[in-house]
Amino acid sequence: MNNLDLPGKPEDTRIVVAMSGGVDSSVVAGILKRQGYDVVGVTLQLYDHGASTHRAGSCCAGQDIEDARRVSERLGIPHYVLDYEARFREAVIDPFAASYVSGETPIPCVSCNQTVKFADLLQTARDLGADALATGHYIRSHANGAHRALFRPVDTDKDQSYFLFATTQEQIDYLRFPLGGLTKPETRAIAEELGLTVANKQDSQDICFVPQGKYSDIISKLKPEAANPGDIVHIDGRVLGRHEGIVHYTIGQRRGIGVATGDPLYVIHLDAKNARVIVGPREALETRKVYLRNVNWLGDDALESIPQGGVEVYAKVRSTRPPRPAVLHHEGGETWVELVDGESGIAPGQACVLYSDDSNTARVFGGGFIGRSERAPQAEAMLKRLAQQGQHA
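Counting in this note's numbering, the sequence shown runs from 1036 upward without gaps.
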């Protein structure tokens, strides 16, 4: 067995590398080529690569495709560009817009990995006769009995496990993540050593198809009805003002709400059905329990075997925070997580990712999307009253 846990000699082993045009995936291709593998680079053209997306930190756009092509030439590997624009729009952009309009805070990077990258591209890799598909994600996978398991990377500052929780067991068994044991500076050093022009290229920022990170701009184009004006309502029932569309707001937002009461206000809830932005004090954001949908469980034992009273795990509800103590429950077909220390500003559509502990060797147990959450009892009661008022409006 070699260091990728693949049978056979490297020269007899074909690996497709998903090349975005950035330094990480370029180094993956370089490392595997240097180790003697039969490497094939594949780049996905995912969205319109016109002037609006020619910006530093984009991915899968015009310049990135050219960078991936130049890297492949430098390494002497075949390189293919696949037009996935229609599929990307259908599987990622349209659901993102629909989720946002419904008052959620979706994570399109997870959807992209679920569908375009780890389903469609993975099948393409199989069609090319590849023994594995390798990517530049910072996460580790190791053999675990007859299968493989996911673990956090050495460089926790670059940990991408939050965006990969929905990867299925079948996909994990086929995928390889050569950068999981490296730090970002080490990756850039290898790029320099290999003479890659992308060695100092800026990392991708924000969502690839949203120029300058302005979500509301693209949502307004795709879903013009989302710009419907409505009321800004205090959690205690007072109407404080008007807004120009709930797409301009996110749960936990503090600045730019558009009203003032003398006390700090935060966006507490987005009532899409009645076009209302619910605001209130920070304490109304405190959340202790989240209910999950579309759960992808990667533990050794079945989710149904979790004992009554739950099992201790660690959970992430934001990609930039470390895993925190939690208790996972699964009863009557419903899955929920108690957050021991509580969290603030949790929104439906976000992910709750589960781990064995909070170290950089923690195993990833999967997770799910947040369908709903429970606040402190007083805030819950006030939100229910507002919901009833909305039904009768």
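All C-beta atoms, glycine included, are put in the ideal place defined by N, C-alpha and C.
**Study point:** Completely contained alpha helix (DSSP H) runs for the stretch 1205-1273, where each covers 4 or more residues
**Key:** As far as the stretch 1205-1273 is concerned, its whole alpha helix (DSSP H) runs of at least 4 residues are 1219-1228 and 1250-1257.
Exercise for review: Taking all protein chains shown into account, decide if Ser1340 is buried (16 or more other Cβ within 10 angstroms of its Cβ) or exposed.
Suggested key: Flag for Ser1340 reads exposed.
Exercise for review: Buried or exposed for Val1325, please, with buried defined as at least 16 other CB atoms from any protein chain shown within 10 angstroms of its CB.
Suggested key: Answer is buried; the Cβ neighbour count reaches 16.
Point to revise | Selected residue, minimal CA-CA separation from Ser1060, among Ala1226, Val1116 and Thr1191 | key: Selected option, being the one with the closest Cα: Ala1226.
Exercise for review: Pick helix, strand or coil for Gln1424, following the three-state DSSP scheme.
Suggested key: Helix, per DSSP.
Point to revise | Contact with chain C by Tyr1284, beta-carbon distance below 8 Å | key: As a matter of chain content, chain C is missing from the structure shown, which is built from one protein chain.
Exercise for review: Pick helix, strand or coil for Glu1409, following the three-state DSSP scheme.
Suggested key: Under the three-state reduction of DSSP, Glu1409 is assigned to strand.
Review point. For the alpha helix (DSSP H) that contains Gly1171, what are its first and last residues?
Key: Per DSSP, Gly1171 belongs to no alpha helix (DSSP H) and is neither H nor E.
Check your understanding: Do Glu1373 and Ala1386 come within 8 Å of each other at the CB atom, strictly closer than that value?
Key -> At a Cβ-Cβ threshold of 8 Å, Ala1386 and Glu1373 do not count as neighbours.
**Study point:** For Gly1021, the first and last residue of its enclosing beta strand (DSSP E)
**Key:** Residue 1021 is absent from the model: the chain starts at 1036 and stops at 1428.
Check your understanding: Using CA coordinates, which residue listed in Thr1150, Leu1110, Ser1137 and Glu1108 is at the minimum distance from Ala1126?
Key -> Closest by alpha carbon: Thr1150.
Exercise for review: Check each candidate in His1177, Asn1235, Pro1358 and Val1274 and name the one with the smallest Cα separation from Arg1223.
Suggested key: Checked all of His1177, Asn1235, Pro1358 and Val1274; the closest Cα to Arg1223 is Asn1235.
**Study point:** First through last residue of the beta strand (DSSP E) which encompasses Gly1097
**Key:** Element bounds for Gly1097: not the beta strand (DSSP E) but the alpha helix (DSSP H), Gly1097 to Leu1110.
Review point. Nearest CA to the CA of Gly1297: which residue from Pro1316, Ile1112 and Asn1329?
Key: Per the Cα distances, Pro1316.
Point to revise | Where Arg1211 falls, given that 16 or more other Cβ within 10 Å makes a residue buried | key: Arg1211 should be labelled buried.
Point to revise | C-beta atoms of Gly1344 and Thr1370 nearer than 8 Å | key: No; because the gap between Cβ atoms is not below 8 Å, this pair is not in contact.
**Study point:** Residue burial classification, Asn1148 (beta-carbon count within 10 angstroms, cutoff 16)
**Key:** Asn1148 is buried by the Cβ-count criterion.
Practice item. State the DSSP-derived secondary structure class of Thr1140, mapped to helix, strand or coil. Key: Here Thr1140 sits in coil by DSSP.
Review point. At which residues does the alpha helix (DSSP H) containing Ser1061 begin and terminate?
Key: Run containing Ser1061: Val1058 to Arg1069, per the alpha helix (DSSP H) assignment.
**Study point:** C-beta contact flag for Gln1204 and Leu1333 at 8 Å
**Key:** Taking 8 Å as the Cβ cut-off, Gln1204 and Leu1333 qualify as a contacting pair.
Check your understanding: Can you give the beta carbon distance from Thr1170 to Val1063, rounded, assuming they're within the 8 Å contact cut?
Key -> Yes, they are in contact, since the Cβ atoms of Thr1170 and Val1063 sit about 7 Å apart, within 8 Å.
Practice item. Determine the closest residue to Pro1141 out of Ser1354, Asp1392, Glu1366 and Lys1219, with distance taken between C-alpha atoms. Key: Nearest option by C-alpha distance: Ser1354.
Exercise for review: Entirely within the stretch 1147-1203 and at least 4 residues each: give me those alpha helix (DSSP H) ranges in chain order.
Suggested key: Counting whole runs of 4 or more residues, the stretch 1147-1203 contains the alpha helix (DSSP H) stretches 1156-1162.
Check your understanding: Which one or two residues does DSSP pair with Asp1118 in a beta bridge?
Key -> DSSP lists Gln1080 as partners of Asp1118.
**Study point:** Through-space distance from Leu1300 to Ser1251, alpha-carbon basis
**Key:** Using only the alpha carbons, I get a separation of about 21 Å.
Exercise for review: Give the DSSP bridge partners of Val1294, in chain order.
Suggested key: Per DSSP, none; premise fails for Val1294.
Practice item. Give the single residue among Val1136, Val1074 and Ser1239 whose Cα lies nearest to the Cα of Gly1111. Key: Checked all of Val1136, Val1074 and Ser1239; the closest Cα to Gly1111 is Val1074.
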